[in-house]
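>
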Amino acid sequence: MNGMYGKVFLALCASTLLATVAGAPSTCGKLDLQTDPFTCCTIPKLLNVSIVSTCFEDFPIDKDALAKDSGMVPKTECMSECILNNTGVYNRKLELDEKKLTSVFTDSLPETSPWMSVVRKAVKECSAKAAKKDKEFDKAVAAQKKTAGKGTGPVCNPEASFLIDCIHTTVFTQCPVNLRTASNDCDAIFKFLKNCPFSALRQ
Ligand SMILES: *[C@@H]1O[C@H](CO)[C@@H](O)[C@H](O)[C@H]1NC(C)=O
Ligand SMILES: *[C@@H]1O[C@H](CO)[C@@H](O)[C@H](O)[C@H]1NC(C)=O
25 MNGMYGKVFL ALCASTLLAT VAGAPSTCGK LDLQTDPFTC CTIPKLLNVS
75 IVSTCFEDFP IDKDALAKDS GMVPKTECMS ECILNNTGVY NRKLELDEKK
125 LTSVFTDSLP ETSPWMSVVR KAVKECSAKA AKKDKEFDKA VAAQKKTAGK
175 GTGPVCNPEA SFLIDCIHTT VFTQCPVNLR TASNDCDAIF KFLKNCPFSA
225 LRQ
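Position one of the sequence shown corresponds to residue 25 (the numbering used here), numbered consecutively onward.
1) Taking a cut-off of 5 Å, which residues have a beta-carbon closer than that to any heavy atom of ligand 2, in chain order?
2) Classify L120 as helix, strand or coil using the three-state DSSP reduction.
3) Kindly list the residues whose CB is nearer than 8 Å to the CB of T111, restricted to its own chain and excluding five residues on each side of it in sequence; keep chain order.
4) Could you check whether the Cβ of I75 sits closer than 7 Å to any heavy atom belonging to ligand 1?
5) If we ignore side chains and look at the alpha-carbon of each, how far apart do K218 and V147 end up?
6) I'd like to know whether the C-beta atoms of F161 and E183 end up nearer to each other than 8 Å.
7) What I want to know is whether the C-beta of N72 ends up closer than 7 Å to one or more non-hydrogen atoms of ligand 1.
8) Contact check, T194 vs C150 under 8 Å by CB: the rounded distance?
9) Would you list the one or two residues that DSSP bridges to Y245?
10) Compare the C-alpha of V201 against each of C65, G53, G30, F33 and name the closest.
11) By alpha-carbon positions, which one of F216, I67, M103 ends up nearest to D82?
12) Is the beta carbon of D188 less than 8 Å from the beta carbon of I107?
13) Short check: CB of C180 to CB of E101, under 8 Å?
14) On the DSSP letters alone, give me the boundaries of the alpha helix (DSSP H) that Q168 sits inside.
15) Could you compute how far the alpha carbon of K31 sits from the alpha carbon of T63?
16) Of all the options T197, R144, P178, which has the alpha carbon lying nearest to the alpha carbon of V165?
17) Closest by CA to S207, which one among Q58, M28, T51, K54?
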């Protein structure tokens, strides 16, 4: 996965990293591998690339914030909300349509794709997780609204970033075995992902 789509995905991983690593089991320490996990399995581009590009342009990700170890959380929430708005997953009241979420993530896949069941399962799991975090998301929005002033840009719900990141990382983690790159490092990475969140890979 490279190019713009990969960049967007990495930015989302970085932005949700802090939140998820905090809750990771202590056995999820750093894996000392030189292998880029993305070389271990190529997941299909699940979202409409032209919509992702438009939202990426409208809500650019600060390059400095993406720099390694910058300690900054990139402002990706509005980019993600834009993607779910433009794909019709959110209606005008920003209510999530779960059926639409499934179809948006599976429409680009051929009916017989080995990814179909993996993606459906990921969407289900991630929607359930997001529903549990509903109050947390509302709190984050309320806090942002309080501090938002002129020129700080729109306030967006972190739910969209959570969903897009969760679905992609879950799909990656569940990469069908016959589509994985055969190597010791990749074996170690998928073994690690059985018990640890994807974000812990990128500590
Ligand atoms: C992507 O979205 C655009 C804008 O909504 C639409 O015109 C286009 O047909 C979509 N492309 C695919 C491959 O679905
Ligand atoms: C998404 O749509 C809602 C409702 O139309 C709107 O209030 C919100 O600003 C939109 N978000 C983005 C990031 O464009």
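Every residue gets a Cβ at the ideal spot worked out from N, C-alpha and C, and that includes glycine. Remember, predicted model here, so these are calculated numbers, not experimental data.
Inspection of the coordinates gives the following:
1) C102, E105, C106, N109, R116
2) Three-state DSSP puts L120 in a strand.
3) L71, N72, I75, K124, V128
4) yes
5) 18 Å
6) yes
7) yes
8) 6 Å
9) With the chain running from 25 to 227 in the structure shown, residue 245 is simply not present.
10) C65
11) M103
12) The sequence as given places Ile at residue 188; Asp does not occur at that position. For I188 and I107, yes; Cβs fall inside 8 Å.
13) A contact, by the Cβ cut-off of 8 Å.
14) Its alpha helix (DSSP H) spans residues 158-171.
15) 15 Å
16) P178
17) Of the listed residues, the one whose Cα sits closest to S207 is Q58.
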